[in-house]
Structures are given as structure tokens and as C-alpha cells.
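Enquirer: Residue numbers (this note's numbering): 13 to 301. Each residue gets a CB set at the ideal place from its N, CA and C atoms; glycine is no exception. Since this is a predicted model, take the numbers as computed values, not measurements.
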């Protein structure tokens, strides 16, 4: 696992380490793709079974070289599970081209869908290898009551279990339709233009350290920055209460994370920059009368 995985991606493995003795090894991330590749290659051993990697770091917005990582893992006989929570909806993702074995994503982030829905893609030849942890009536393809035998569905549908929240599924489908109509290429172009402008302006503010990629294709709509002299909690509270700027706390770096979507406006970015500038200078915002 990387050292910047979301808790949703680490807690299950930590539990398996405690319960079953699974050995976890951690990949230290930086903003240097080549350095990340070297560290990854050094971690792989004949005993390595699976690598779970984020497509985009939830801490810095760094877009990992996932294609290269998956190719290296496959050469070593290691399965790959990619967390696409911050990728799907930001830019185009091709499961087949990417070369991973499993790709999981949620609906409520960049796909603009409701909470409580998500999806996972599984390489077809691996479906039979996996054993469903939950079983119910809907995972079976056939059931013989007299013989008391069942056969699992032959596709990844065997992992869908229980009664599902169909209204949320319908809403999720509508959100995907919306993002598709806008166009992922247009979304990526728009977000890259906004983030480049925002990061450049942030970098010029005194006392502000940008912890996300400053330039290049490895940057995304997630921008993390630390402001000297401020705790992340206090600065988040100030930005919200005084300016109604929403941020996420990244305690590991005592920093705040900004999320720039394709519908973010230039005026909203200027508001955020002005708010940070005022905080740096220790000034209160001007109030129009």
C-alpha cells in the first residue's frame, strides 16, 4: 500500500494483518514519478501477492504513474487493486489500457453521484479465483432446492449481494450520464487550466507551501497547501466562517486541501486566494456596507 491511502483502503488490510498475519509493506509517495517507481520495485518480493494503489493521492492530488506501476507488478506476478475515488470523473480511465486487475471507485466524489453507491471492475479471468465473502439469493445463477445445490453467477455480479438501494443506483446512473455529456476530455482540460492558475497564485503568497504538483500532467483538481503560522484546523475554520470557502483538513501535513471541479469559477478561486492572503497578513476581511 502507499503511505497516502484513504482509511477506507487501509483499515481492511490493517485488520487482516491483525487477524490473519498478513504482512503489509508501505510505498512512500513523493511528487517524483521515477522515485516512486524505484521505491515500488524495491518493495516487491516473491512473497508479494497484491499491491493496492491510489490512482490519485487523496492527500496531495498527485496522479500516480499507475500504468507503469501495474506493468511492473504484473511482471513480478503481483495483482493490482487501484483506488479510483479521485480519478473517475476527473479524467478518462480505461480499465483495459491501465492494466490493473481490480479498479474500484465511489459515486459521490468527482462523478457527482449520491453517497452509498460505487463500482468495481474485475479482470474477467480473475472472477472465478475470488470467493465471495457474502452470499445470498442474488449471487446465484441457479439453485436446485431438491438437491440443495447452487451455482454462482459467472460474472462479477456474484459479488453484488443483498437488497440494493435502487433509487441511489438510478441517481448514480444519471450522474454518470451528466459527466459523460459534459465530456471527460473537456473536464480535464478545464480543471487543469484552473488548477495551474490557482497553484501559481498560491505559490506566490508569502508563507504558503504548495504540497501538490505545481506543473505537469501529474497534477489534478486536488490542491494541498500549508500556511506558515496557522494550524490546519484554525485556518479551515477561518476560511469557512469568514469567507464560506470549503476545504478539507490534511492533518498529516498540517495543511488544507482545495478541490477544483470543472464547474468551479474563476471568481471562486479569487475568493479563496484573497481569503488565504488575508490570513497570511493577519487581516480581517472587508465587509461591504
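Relative to the C-alpha of residue 144, which residue among 203, 273, 164, 31 is closest?
Expert: For the residues 203, 273, 164, 31, the minimum Cα distance to residue 144 belongs to 164.
Enquirer: When you compare the CB positions of residue 99 and residue 67, do they come within less than 7 angstroms of one another, or not?
Expert: Yes. Within cutoff.
Enquirer: Residue 299 to residue 28, Cα distance in whole Å?
Expert: Only weak support is given to the placement of residue 299: the predicted model assigns it a pLDDT of 43, under 50, and the value that follows is read from those uncertain coordinates. Between residue 299 and residue 28, the C-alpha separation is close to 54 angstroms.
Enquirer: Below 7 angstroms CB to CB, which residues in the same chain sit around residue 129 once its five sequence neighbours on both sides are set aside?
Expert: Hits under 7 angstroms: 119, 180, 181, 184.
Enquirer: Nearest by alpha-carbon distance to residue 190: which of 235, 17, 251, 274 is it?
Expert: With distances taken between Cα atoms, residue 190 lies closest to 274.
Enquirer: Relative to the C-alpha of residue 121, which candidate in 114, 96, 109, 133 has its C-alpha closest?
Expert: Minimum Cα distance to residue 121 is reached at 96.
Enquirer: By the 10 Å Cβ neighbour count, where 16 or more other Cβ atoms means buried, how is residue 223 classified, buried or exposed?
Expert: Result: buried.
Enquirer: For residue 235, name the three-state secondary structure that DSSP assigns.
Expert: Three-state result, residue 235: strand.
Enquirer: Between which residues of its own chain and residue 51 is the CB-CB distance below 7 angstroms, once the five residues before and five after are set aside?
Expert: Answer for residue 51: 39, 40, listed in chain order.
Enquirer: Just curious, the beta strand (DSSP E) that residue 70 is in, first and last residue?
Expert: Segment: none, residue 70 is in no beta strand (DSSP E) and carries neither H nor E.
Enquirer: With burial defined as no fewer than 16 other Cβ atoms inside 10 Å of the residue's Cβ, what is the status of residue 156: buried or exposed?
Expert: By the neighbour-count rule (16 or more Cβ atoms within 10 Å), residue 156 is not buried but exposed.
Enquirer: Counting only the same chain and skipping the five closest in sequence on each side, list residues whose C-beta sits under 6 angstroms from that of residue 75.
Expert: Correct list, in chain order: 68, 230, 232.
Enquirer: Is the beta carbon of residue 63 sitting closer than 7 angstroms to the one on residue 90?
Expert: In contact: residue 63 and residue 90 (Cβ atoms closer than 7 angstroms).
Enquirer: Check the DSSP bridge columns for residue 269 and list the partner residues they point to.
Expert: Answer is 236, 260.
Enquirer: So is residue 225 buried or exposed if we call it buried at 16+ other beta carbons inside 10 Å?
Expert: Counting Cβ neighbours within 10 Å, residue 225 comes out buried, since at least 16 surround it.
Enquirer: Using three-state DSSP, classify residue 112 as helix, strand or coil.
Expert: Coil.
Enquirer: Go ahead and pull the three-state DSSP assignment for residue 215.
Expert: Three-state DSSP puts residue 215 in a helix.
Enquirer: In the DSSP assignment, find the alpha helix (DSSP H) that holds residue 192 and state where it starts and stops.
Expert: Here the alpha helix (DSSP H) through residue 192 covers 178-194.
Enquirer: Who are the Cβ neighbours of residue 16 in its own chain at under 6 angstroms, not counting the five residues just before and after it?
Expert: Same-chain partners within the cutoff: 41, 69, 71.
Enquirer: So which of 276, 257, 139 has the shortest CA-CA distance to residue 205?
Expert: It is 276 whose Cα lies nearest to the Cα of residue 205.
Enquirer: Would you mind sorting residue 106 into buried or exposed? The rule is 16 or more other CB atoms within 10 Å of its CB.
Expert: Answer is exposed; the Cβ neighbour count stays below 16.
Enquirer: How is the beta strand (DSSP E) around residue 164 delimited, first residue to last?
Expert: Element bounds for residue 164: 161-164.
Enquirer: Of the residues 201, 248, 19, 149, which one's Cα is nearest the Cα of residue 160?
Expert: Checked all of 201, 248, 19, 149; the closest Cα to residue 160 is 149.
Enquirer: If you follow the alpha helix (DSSP H) that residue 21 is part of, which residue opens it and which one closes it?
Expert: Unbroken alpha helix (DSSP H) run through residue 21: 19-32.
Enquirer: Alpha carbon to alpha carbon, how far is residue 93 from residue 65? Give it in angstroms, no decimals.
Expert: Each residue's Cα considered, the two are about 6 angstroms apart.
Enquirer: Look at residue 287 and residue 239 and say whether their C-beta atoms are less than 7 angstroms apart.
Expert: It is not a contact, given that the beta carbons lie outside the stated cut-off.
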